[in-house]
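Q: Numbering (the numbering used here), first residue to last: 88 to 235.
Using N, Cα and C, we set each Cβ at its ideal position, and we do this for glycine too.
The following block contains the structure, expressed as structure tokens.
So, in structure tokens, the structure goes:
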């Protein structure tokens, strides 16, 4: 079982990204396009540490228009510097910065995506053979400070 710190996306953006995943599935039928929700993986989580204040990355975040594939993940790239302070505060890292989409390589471009709202959460993944079980817990809405 693995646990990760993640940033969840607004529901409307999740729906739009799932439409993109369906489109990608028609190009390359791959089950991993639907195995996890689209999210920003920050890094491995330490389940023994209690998380206090979570700093919000400076919003909005803008995704690059070309999908990338590295470390066996297909993702929409986000500027790494925008997530660095949050990763440092959590004491974690991850080999890429972006919205996770799948575990398959596909070349595709889209319109740039703008992220205006985020939720911090803990993602737990358990694999049983070909079955991938996942659960999101400890969700907190991040305050960007824009309303002050």
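Taking 8 Å as the cut-off, does the region 203-213 touch the region 107-121 (at least 3 CB pairs, one atom from each stretch)?
A: With the cut-off at 8 Å, the region 107-121 and the region 203-213 do not touch.
Q: Going by C-alpha distance, which of 165, 219, 217 is nearest residue 187?
A: Looking at the Cα atoms, 165 is the closest of the given residues.
Q: Where does residue 177 sit, in a helix, a strand or coil, going by DSSP?
A: It is helical.
Q: Using the Cβ count rule (16 or more neighbours within 10 Å means buried), how would you classify residue 152?
A: Classification for residue 152: exposed.
Q: Taking the alpha carbon of residue 194 as the point to measure from, which residue in 117, 131, 154 has its own alpha carbon closest?
A: Of the candidates 117, 131, 154, the one whose C-alpha sits nearest the C-alpha of residue 194 is 154.
Q: Determine, using beta carbons only, whether residue 129 and residue 177 come nearer to each other than 9 Å.
A: In contact: residue 129 and residue 177 (Cβ atoms closer than 9 Å).
Q: Apart from the five residues on each side of it in sequence, which residues of its chain come closer than 6 Å, Cβ to Cβ, to residue 184?
A: Only 165, 167, 170 meet the Cβ criterion.
Q: Please determine, among 93, 97, 108, the residue with the shortest C-alpha to C-alpha distance to residue 225.
A: Checked all of 93, 97, 108; the closest Cα to residue 225 is 93.
Q: Could you give the DSSP three-state label for residue 235: helix, strand or coil?
A: Any reading at residue 235 must be qualified, since the residue scores a pLDDT of 41, below 50, and its modelled position is unreliable; no value is offered.
Q: State the start and end residues of the unbroken alpha helix (DSSP H) segment that holds residue 112.
A: Element bounds for residue 112: 98-114.
Q: Hey, residue 146 and residue 203 are a contact pair by Cβ (cut 8 Å); roughly how many whole angstroms apart?
A: With a Cβ gap of about 6 Å, residue 146 and residue 203 count as contacting.
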